[in-house]
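In what follows, a single structure is set out as structure tokens and then discussed.
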Amino acid sequence: TPPDLIRNFCIIAHIDHGKSTLADRMLQITGVVDQRAMRAQYLDRMDIERERGITIKSQAVRMPWEADGTTYCLNMIDTPGHVDFTYEVSRSLAACEGAVLLVDAAQGIEAQTLANLYLAMENDLTIVPVLNKIDLPSAQPEKYAEELAGLIGCDPSEVLQVSGKTGVGVEPLLDEIVRQLPAPQGDADAPARAMIFDSVYDTYRGVVTYVRVIDGSLSPRERIEMMSTGAIHELLEIGVSSPEPKPSDGLGVGEVGYLITGVKDVRQSRVGDTVTTARRGATTALGGYRDPKPMVYSGLYPIDGSDYPILRDALDKLKLNDAALVYEPETSVALGFGFRIGFLGMLHLEIVRERLEREFDLDLISTLPSVVYDVRLDDGQTVTVTNPSEFPDGKVSAITEPVVRGTILAPSEFIGAVMELCQSRRGTLRGMDYLSPERVEMRYTLPLAEIVFDFFDALKSKTRGYASLDYEPDGEQEADLVKVDVLLQGDKVDAFSNIVHRDKAYAYGVSMATKLKELIPRQQFEVPIQAAIGTRVIARENIRAIRKDVLAKCYGGDISRKRKLLEKQKEGKKRMKMVGSVEVPQEAFIAALSQD
Ligand code: GDP
Ligand code: MG
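Take the sequence shown: its letters are residues 778 to 1373, numbered as in our numbering.
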């Protein structure tokens, strides 16, 4: 297809504003998926995605559309809808010339709408503003058209109104995409350069790589080079998705399609990388490539220790279709053998854990998630800490932690509540704008560790569910952080070590000590539980001793009963972990880690 007949676009929206529904409706209206094959959310392929109603992996679909008597080729690139995948979103956007900015006509603009809009603007995309769900009785199209128009600086009459559900307004929207979006521009005679915006592992075909051709062209059987690594592969198949894969005899400037080279590991086909030809290839890669960077680490342990080899094999398999997943073996006094795993964020962690449990039938426990700290020692050395129990012993001169740029949207009556919350999470206000007299956008710099775990829930409860949040990584910042250890009778329980701000160390120590006191059964001797920063104890509890000899109950008489008791005790012991001389049932650790 000649570039002037191509339009590449994506749909950006806050979660639940109807992106998937609209995408499905477009597939149906353009005739690429027939009515019978249509099932709700055709594009959200993974089970977990469908169940949670979120899009994790982007997909690209080619659709024909006739406008003014000419047939155009529309490529719709579906972007992932969660902050954990901001980098993938940015690469999907970079593959497009325009974006449909979709806003629920009953809800108005939300934080994710803004965060995505900013990313789209950074990529110089043409924005087509659209209100969705106008079929809803609660829709307020005039009000929100004005809000949206104010945001992007157009006239409210230019905001399109559609219903992805009923299909109203979708045809005019497709016409507008053709009319407003620029055609792709590129040099057809230059060496080939194509940008990878997604790569997915398929059991039958190996890795399927989605690309957008910027310059030149790629043809089947050609040898291609991945510019970040210099790795060379043969193009076994090249084609377009419409939405089922359809081999083609090549992709030219502006086209979007897939490549298959037979590689079995998505790490060899990285999002953001540039593909060129092995012979007479390009010498400079396209900008914007970045290695996936784990933001949150957690230990994952099989509850049944004998499942360790299954967990190891399962991770090796998952890695094939998840370039961001990194892990290494780890042992813990409390939990035995497991892995330290790096994730893009909490959703990524949950997805990986859920897949391990579901697809590999594992029961797992995860330790307190931790962000990545850089610890500078007095001797000038810097150590990267992804596991608080490995915090260096030497004298520390500075610690830096990752921070994010957060966008919070809330009704103006909640400004005070949001500020209070952000302050308690060590946030710094960067700016504030009114989208309308009753809705305000607040921009904060916040430590990742303060928002990644439970900030969203706290925000929702303080604003009666009305606030929304989005954020993206924004570098590192120095902070007054300390490591808190939890000790049982003087011995550290590694799984409970945590790095926290000095002001919050005491609260963490007290909560862990109280929790463990409740969970650990009494022993033959008194067991002190302490929380400490270095050698300084900041909280303590005591588990009082019991004087109960189980055998004493049997009064020597019945030998077989005695043996049975001993047998039972032995069984119980298998699930006991020794911390120094204290016997702790594994369940107690698991309960302490799964609470709150
Ligand atoms: P996404 O998270 O942006 O992909 O949103 P979905 O497409 O999954 O839609 C979220 C919810 O809104 C679902 O329950 C949809 O059925 C509903 N929905 C989507 N579009 C419309 C619409 O145009 N009208 C109505 N009434 N509901 C819609
Ligand atoms: Mg969706």
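Built from N, CA and C at the ideal position, the CB exists for glycine as well.
Problem set entry | Length of the line joining the Cα atoms of residue 1281 and residue 1180 | The residue labelled residue 1281 in the question sits at position 504 within the sequence shown. The residue labelled residue 1180 in the question sits at position 403 within the sequence shown. So the alpha carbons of these two residues sit roughly 18 Å apart.
Exercise. Should residue 986 be counted as a contact of the ligand GDP given a C-beta to heavy atom distance under 7 Å?
Worked result: Sequence index remark: in the sequence shown, residue 986 carries index 209 (1-based). Answer for residue 986: no, Cβ out of range of the ligand GDP.
Exercise. At a cut-off of 7 Å, is residue 794 close to the ligand GDP when judged by its beta-carbon and the heavy atoms of the ligand?
Worked result: Residue mapping note: residue 794 aligns to position 17 of the sequence shown, counting from 1. Yes, the ligand GDP has a heavy atom inside 7 Å of this Cβ.
Exercise. What does a CB cutoff of less than 8 Å around residue 1240 pick up in its chain, not counting 5 residues either side in sequence?
Worked result: Here residue 1240 corresponds to residue number 463 of the sequence shown, with the count starting at 1. Result list for residue 1240: 1187, 1188, 1191, 1194 and 1195, in chain order.
Exercise. When burial is assigned at 16 or more other CB atoms within 10 Å of the CB, is residue 1276 buried or exposed?
Worked result: Position 499 of the sequence shown, counted from the start, is the residue given in the question as residue 1276. By the Cβ neighbour-count rule, residue 1276 is buried, with 16 or more other Cβ atoms within 10 Å of its own.
For this session: Would you mind reading off the limits of the alpha helix (DSSP H) that contains residue 1412?
Result: Beyond the ends of the chain as shown, which are 778 and 1373, falls residue 1412; an answer cannot be given.
For this session: State the start and end residues of the unbroken beta strand (DSSP E) segment that holds residue 1252.
Result: By one-based count along the sequence shown, residue 1252 stands at place 475. 1245-1255 is the extent of the beta strand (DSSP E) around residue 1252.
Problem set entry | residue 1038 versus residue 856: straight-line alpha-carbon distance, rounded | Within the sequence shown, the letter at position 261 stands for residue 1038. Within the sequence shown, the letter at position 79 stands for residue 856. C-alpha separation (whole angstroms): 24 Å.
For this session: Keeping to the same chain, check which residues put their C-beta closer than 7 Å to that of residue 916; ignore five residues upstream and five downstream.
Result: Residue mapping note: residue 916 aligns to position 139 of the sequence shown, counting from 1. Exclusion of the five residues before and after residue 916 leaves 882, 883 and 910 as the residues of its chain whose Cβ lies within less than 7 Å of its Cβ.
For this session: Might you give, ordered along the chain, the residues of its own chain that have their beta carbon closer than 7 Å to the beta carbon of residue 1137, omitting 5 neighbours on each side?
Result: Position 360 of the sequence shown, counted from the start, is the residue given in the question as residue 1137. These residues qualify, in order along the chain: 1087 and 1091.
For this session: Please indicate yes or no: does the CB of residue 797 lie closer than 7 Å to some heavy atom of the ligand GDP?
Result: As a working mapping, residue 797 is identified with position 20 in the sequence shown. The answer is yes for residue 797.
Problem set entry | Under 8 Å between C-beta atoms of residue 1322 and residue 1301 | Walking along the sequence shown from the start, residue 1322 turns up at place 545. Walking along the sequence shown from the start, residue 1301 turns up at place 524. Going by C-beta atoms, residue 1322 is nearer than 8 Å to residue 1301.
Problem set entry | alpha helix (DSSP H) segment containing residue 1287, residue limits | Your numbering for residue 1287 matches position 510 in the sequence shown. First-last of the alpha helix (DSSP H) with residue 1287: 1279-1296.
Exercise. Beta carbon of residue 925, beta carbon of residue 937: below 8 Å?
Worked result: Residue mapping note: residue 925 aligns to position 148 of the sequence shown, counting from 1. Residue mapping note: residue 937 aligns to position 160 of the sequence shown, counting from 1. No, these two residues do not count as a Cβ contact at 8 Å.
Exercise. Within 7 Å: the Cβ of residue 912 and any heavy atom of the ligand GDP?
Worked result: In the sequence shown, counting from the first residue as 1, residue 912 sits at position 135. Yes; taking the cut-off as 7 Å, the Cβ of residue 912 has a heavy atom of the ligand GDP nearer than that.
Exercise. Hey, residue 1247 and residue 1205: beta-carbon distance below 8 Å or not?
Worked result: Residue numbering aside, residue 1247 sits at position 470 when the sequence shown is read from its first letter. Residue numbering aside, residue 1205 sits at position 428 when the sequence shown is read from its first letter. No, the Cβ-Cβ distance between residue 1247 and residue 1205 is not below 8 Å.
For this session: Would you grab the beta carbon distance between residue 1152 and residue 1163 for me? Rounded to a whole angstrom, and I think it's under 8 Å.
Result: Counted from its first residue, the sequence shown places residue 1152 at position 375. Counted from its first residue, the sequence shown places residue 1163 at position 386. Contact flag wrong, Cβ pair sits at about 11 Å.
Exercise. Where does the unbroken beta strand (DSSP E) through residue 1265 begin, and where does it stop?
Worked result: By one-based count along the sequence shown, residue 1265 stands at place 488. Taken as a continuous stretch (DSSP letters only), the beta strand (DSSP E) holding residue 1265 covers 1258-1265.
Problem set entry | First and last residue of the uninterrupted beta strand (DSSP E) at residue 869 | By one-based count along the sequence shown, residue 869 stands at place 92. First-last for residue 869: 863-871, but that is the alpha helix (DSSP H), not the beta strand (DSSP E).
Exercise. Is any heavy atom in the ligand GDP found nearer than 7 Å to the beta carbon of residue 941?
Worked result: For this step, residue 941 is matched to residue 164 along the sequence shown. At least one heavy atom of the ligand GDP is nearer than 7 Å to the Cβ of residue 941, so yes.
Exercise. CA-CA distance, residue 1182 and residue 1225?
Worked result: Sequence index remark: in the sequence shown, residue 1182 carries index 405 (1-based). Sequence index remark: in the sequence shown, residue 1225 carries index 448 (1-based). About 9 Å.
Problem set entry | Distance cut-off 7 Å: residue 1275 Cβ against heavy atoms of the ligand GDP | The sequence position of residue 1275 within the sequence shown is 498, counting from 1. It does not: the Cβ of residue 1275 is nowhere closer than 7 Å to a heavy atom of the ligand GDP.
Exercise. Going by beta carbon distance, what residues of the same chain come within less than 7 Å of residue 1359, once the five residues before and after it are set aside?
Worked result: Working through the sequence shown from its first residue, we reach residue 1359 at position 582. Excluding sequence neighbours, residue 1359 sits near 1265, 1266, 1300 and 1304.
Exercise. Between 1167, 785 and 888, which lies nearest to residue 792 when the distance is taken from Cα to Cα?
Worked result: The count along the sequence shown starts at 1 and reaches residue 792 at position 15. Looking at the Cα atoms, 888 is the closest of the given residues.
Exercise. Out of curiosity, what's the CA-to-CA distance linking residue 842 and residue 958?
Worked result: Numbered from 1 along the sequence shown, position 65 holds the residue referred to as residue 842. Numbered from 1 along the sequence shown, position 181 holds the residue referred to as residue 958. Residue 842 and residue 958: Cα-Cα distance of roughly 14 Å.
For this session: Go ahead and label residue 832 buried or exposed: buried means 16 or more other beta carbons lie within 10 angstroms of its beta carbon, across all protein chains shown.
Result: Taking the first residue of the sequence shown as 1, we reach residue 832 at position 55. Per-residue confidence for residue 832 stands at a pLDDT of 48, beneath the threshold of 50, marking its modelled position as unreliable; the derived number appears in the next sentence. Counting C-beta atoms within 10 angstroms of its own C-beta, residue 832 has 16 or more neighbours from the protein chains shown and is therefore classed as buried.
Problem set entry | Three-way DSSP call (helix, strand, coil) for residue 952 in this model | Translated into positions along the sequence shown, residue 952 becomes position 175. If DSSP states are grouped into helix, strand and coil, residue 952 belongs with the helices.
Exercise. How about residue 1062 and residue 1004: do their beta carbons lie closer than 8 Å?
Worked result: Here the question's residue 1062 lines up with position 285 in the sequence shown. Here the question's residue 1004 lines up with position 227 in the sequence shown. Yes, they are a contact pair.
Exercise. Going along the chain, which residues of its own chain have a beta-carbon closer than 7 Å to the beta-carbon of residue 1098, five neighbours each way excluded?
Worked result: Position 321 of the sequence shown, counting from 1, holds the residue named residue 1098. Excluding positions up to five away in sequence, the list reads 977, 978 and 1043.
For this session: Ignore the nearest five residues each way along the sequence and tell me which others in residue 1295's own chain have a CB closer than 8 Å to its CB.
Result: On the sequence shown, position 518 is the one that residue 1295 refers to. The beta carbon of residue 1295 lies closer than 8 Å to none in the same chain, with the five residues before and after it left out.
For this session: Excluding the 5 residues preceding and the 5 following residue 806 in the sequence, name in chain order all residues of the same chain whose CB lies nearer than 8 Å to its CB.
Result: Numbered from its first residue, the sequence shown carries residue 806 at position 29. Contacts found: 944, 947, 948 and 951.
For this session: Spell out a yes or no on whether the segment 859-871 and the segment 1158-1174 are touching, meaning 3 or more CB-CB pairs, one atom from each, closer than 8 Å.
Result: no
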